[in-house]
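Undergrad:
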Amino acid sequence: RYPDKVLSSVLKDGAPALKYAKPYLFIRSFAFLPSLISIIGFSAFRGTLDTKTPLKISLFSNMCNAVLDPILMFTMAMGVPGAALATLFAEVVSAGSFLALLLKRRMIRWSKIFRLPSWTAL
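Take any residue in the sequence shown, note its place counting from 1, add 369, and you have its number in the working numbering.
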């Protein structure tokens, strides 16, 4: 299977960490798009010389992760998948915050996001 092939490049076959890595990476894979949006948000605000906003968003999302990690992992007995869910939630919070602020400050518009570029622009 595909995950086994990818993980075999960093873990030996039968490695004890393999049983934890598979569910963790599967859950974390859903954070790809939110992570991408966060990177764009960080870059957009730094490009306007606003470094405080990304710092505040990062601080808040990391606090969410730090609070949710022990709750999901230990209190709710989810273990490693709980850690992945906490991180996924933090990424979604970060992406949502950046997206909301980018729209509010008119740095992006919905109409531009979903419009295909013209052939001449390409």
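We put the beta carbon where it would ideally sit given N, CA and C, even for glycine.
Could you give the DSSP three-state label for Pro385: helix, strand or coil?
TA: Correct three-state label for Pro385: coil.
Undergrad: So, with DSSP's three-state summary, where would you put Met442?
TA: Note: Met442 maps to helix in three-state DSSP.
Undergrad: What residue range does the alpha helix (DSSP H) around Ile406 cover?
TA: That run of the alpha helix (DSSP H) goes 401-416.
Undergrad: Once the 5 residues before and after Leu472 are set aside, which same chain residues still bring their CB inside 7 Å of it?
TA: Nothing listed; no residue qualifies.
Undergrad: Which runs of the alpha helix (DSSP H), 4 residues or longer, sit entirely within the segment 432-481?
TA: The segment 432-481 contains these whole alpha helix (DSSP H) runs: 449-473.
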